[in-house]
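Structure, as structure tokens:
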Amino acid sequence: MNIKDSKGKKEMTFNKISEDNQMILSLSGRLDAANAPRLETELKNSINGVEKLVFDFKELEYISSAGLRVLLSTQKVMNKQGKMIVRNVNDTIADVFEITGFADITTIE
Numbered sequence: 000m001n002i003k004d005s006k007g008k009k010e011m012t013f014n015k016i017s018e019d020n021q022m023i024l025s026l027s028g029r030l031d032a033a034n035a036p037r038l039e040t041e042l043k044n045s046i047n048g049v050e051k052l053v054f055d056f057k058e059l060e061y062i063s064s065a066g067l068r069v070l071l072s073t074q075k076v077m078n079k080q081g082k083m084i085v086r087n088v089n090d091t092i093a094d095v096f097e098i099t100g101f102a103d104i105t106t107i108e
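Using numbering that gives the first Met the number 0, read the sequence shown as starting at 0 and increasing by one per residue.
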């Protein structure tokens, strides 16, 4: 799914693969206040019954506090029904995770 800003510039793209009780979300671009609500809605509508949720950040360039909020609320849901893993985090996002404490509450591979 492509999410674009009002000028038509691609802000974030994500690809969702669901199989049995697992889901992989591959994100690219920027996860910020402009598109975090759409990702949050997508997650709320699709993680019911998911026992393993994997975020692949290989192509994600940036994450804002709004994006972190989506991850935190998703982590809370997944703590009750399974596990959440974040993979392929670049150095910039890894630094944000360290500074904010997300590295302590999220499984990062």
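By construction, the Cβ of each residue, glycine as well, lies at the ideal position given by its N, Cα and C atoms.
All values derive from a computational prediction rather than experimental measurement.
Cβ contact annotation for residue 95 (same chain, cutoff 7 Å, sequence separation greater than five): 62, in chain order.
Under the DSSP assignment, residue 98 falls outside any beta strand (DSSP E), being part of the alpha helix (DSSP H) whose first and last residues are 90-99. When DSSP states are grouped into helix, strand and coil, residue 105 belongs to the coil group. As computed with DSSP, residue 23 is found in a beta bridge with 16 and 53. Nearest Cα to residue 18 within the set 12, 40, 53 and 31: 53.
Sorting 12, 16, 26 and 10 by C-alpha distance to the C-alpha of residue 85 places 26 at the top. Here residue 66 is buried. Its C-beta has 16 or more other C-beta atoms within 10 Å. Distance between residue 72 and residue 105, taken at the CA atoms: about 12 Å. Annotation for residue 74: 83, 104 and 105 place their beta carbon closer than 7 Å to its own, counting only its chain and skipping 5 residues before and after. Assigned with DSSP and collapsed to three states, residue 66 falls in helix. When C-alpha distances from residue 11 are compared across 22, 58, 81 and 20, the shortest belongs to 58.
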